[in-house]
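S.K.: There's a structure below that I have some questions on.
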Amino acid sequence: MARLLGPLLVSPALIIILLLFMLPLAASVIGAFEVEGAYGLGNFTKAYEFYTQDIVFTAVIVGLSALLTGLLAIAIGGYLTLGENPTAVAILRWLYRWPMFIPFIVVGQILRTFLAKSGLFNSTLIALGLIDPLTATSYLDWRGIVIAFVWKQTPFVALMVAGAMASLDRGTIEAARNLGASRLRILVEIIVPQVTTTLLVGLVLSFVTMMGVLSVPLMINAQAPTMITADIAFRLNTYRDYGVANALGLISLAISGVAAWFYLRVNMRQGR
Numbered sequence: 472m473a474r475l476l477g478p479l480l481v482s483p484a485l486i487i488i489l490l491l492f493m494l495p496l497a498a499s500v501i502g503a504f505e506v507e508g509a510y511g512l513g514n515f516t517k518a519y520e521f522y523t524q525d526i527v528f529t530a531v532i533v534g535l536s537a538l539l540t541g542l543l544a545i546a547i548g549g550y551l552t553l554g555e556n557p558t559a560v561a562i563l564r565w566l567y568r569w570p571m572f573i574p575f576i577v578v579g580q581i582l583r584t585f586l587a588k589s590g591l592f593n594s595t596l597i598a599l600g601l602i603d604p605l606t607a608t609s610y611l612d613w614r615g616i617v618i619a620f621v622w623k624q625t626p627f628v629a630l631m632v633a634g635a636m637a638s639l640d641r642g643t644i645e646a647a648r649n650l651g652a653s654r655l656r657i658l659v660e661i662i663v664p665q666v667t668t669t670l671l672v673g674l675v676l677s678f679v680t681m682m683g684v685l686s687v688p689l690m691i692n693a694q695a696p697t698m699i700t701a702d703i704a705f706r707l708n709t710y711r712d713y714g715v716a717n718a719l720g721l722i723s724l725a726i727s728g729v730a731a732w733f734y735l736r737v738n739m740r741q742g743r
């Protein structure tokens, strides 16, 4: 009886995972290879012909956003750990987390207003005399998507990185300071190597999250190329083409899998 107690306790969670995750995933994978009652690569061929540029665009945009997110998270965590102005540290600690609680669709709407040609950003630059009103340009393109992703995901990664940095032994940091090392050198050579695993976890989770966002590319970047999520929505809503939509979803899953594989490889290397 005692041996059956463990499986009985975890069975509800396993059933939920099976019904709500594994079965839909299996149906999507099978559907990606279904072509007019048979099985083949026709859906992937069509996806390659129509959406190659969008697939590359998605990988580049999400990769660039993850890179910038990591750099900003390191900068925020580093200042919270090494900052010498208590007031500035307290203000930064209070401010940087707020975007975590804003949904992506609200982020898209906020930045659509902020980055438009006549938006607040250009209006501020014009008021400061930095640009001429006739030369103002809209940022509602790939730049807007990157800004939205970085602004939304940086607090999440920074929270993880700052927590890992705060738990480090202060002895090595103080020893480096006594030897004359600058704060930047301490951050890059002492602190960051010790929080690499935490940083990679945050970046992989952010990468996967950004791969699945639909509202931001639809609201900020209306022209081509666009992201895979917008293509999937287009194939479903316009053509009811579940085969190509499933193929694009599987391609998106493969791109996310590359990020997960990179993280696991680094983890195994550190373990050895």
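Residue 553 in this note's numbering is what sits at position 82 of the sequence shown, and the numbering runs on without skipping anything.
Beta carbons are placed, not taken as given, at the ideal position from N, Cα and C, and that holds for glycine.
1) Measure from the alpha carbon of phenylalanine 572 to the alpha carbon of each residue in Leu496, Ala587, Leu630, Asn649, then state which is nearest.
2) Tell me the rounded alpha-carbon separation between arginine 706 and valine 527.
3) Compute the beta-carbon to beta-carbon distance between phenylalanine 515 and alanine 718, rounded to the nearest angstrom, for a pair I have assumed lies under 8 Å.
4) Considering only residues of the same chain and omitting the five flanking positions on each side of isoleucine 616, which have a CB-CB separation below 7 Å?
5) Report yes or no: do the segment 669 to 680 and the segment 619 to 636 share at least 3 C-beta pairs separated by less than 8 Å?
6) If I measure Cβ to Cβ from tyrosine 510 and keep anything under 8 Å in the same chain, skipping five residues before and after, which residues do I get?
7) Do threonine 529 and isoleucine 699 come within 8 Å of each other at the CB atom, strictly closer than that value?
8) Just list the residues that DSSP pairs tyrosine 510 with in beta bridges.
9) Which complete alpha helix (DSSP H) runs does the segment 687 to 727 hold, if anything under 4 residues is left out?
10) Specify, as a first and last residue, the run of the alpha helix (DSSP H) that tryptophan 622 falls within.
11) So does the segment 538 to 554 actually touch the segment 636 to 644, counting three or more Cβ pairs closer than 8 Å?
12) Are the beta-carbon atoms of valine 506 and leucine 721 separated by less than 8 Å?
13) Rounded to the nearest angstrom, what separates glutamine 431 and leucine 658 at their Cα positions?
14) Per DSSP, what kind of secondary structure is lysine 588 in: helix, strand or coil?
15) Tell me the rounded alpha-carbon separation between alanine 730 and glutamine 524.
16) Could you tell me the distance, in whole angstroms, from the CA atom of leucine 563 to the CA atom of isoleucine 547?
17) When you compare only the Cα positions, how much space is there between valine 715 and threonine 606?
18) State the Cα-Cα distance for the pair tryptophan 732 and phenylalanine 592, rounded to the nearest angstrom.
19) Using alpha carbons as the reference points, say which of Arg614, Ser609, Ile661, Leu479 lies closest to leucine 535.
M.R.: If we stick to the structure as given:
1) Leu630
2) 18 Å
3) 5 Å
4) Apart from sequence neighbours up to five positions away, the residues of its chain that approach isoleucine 616 with a beta-carbon distance below 7 Å are Ile532, Val687, Pro688, Ile691, Asn692, ordered along the chain.
5) A contact exists between the segment 669 to 680 and the segment 619 to 636.
6) Phe504
7) yes
8) Glu505
9) 699 to 705
10) 613 to 637
11) yes
12) no
13) The requested residue 431 is not part of the displayed model; the chain covers only 472 to 743.
14) coil
15) 20 Å
16) Going from the Cα of leucine 563 to the Cα of isoleucine 547 covers about 8 Å.
17) 41 Å
18) Cα to Cα, the separation comes out at about 39 Å.
19) Answer by Cα proximity: Arg614.
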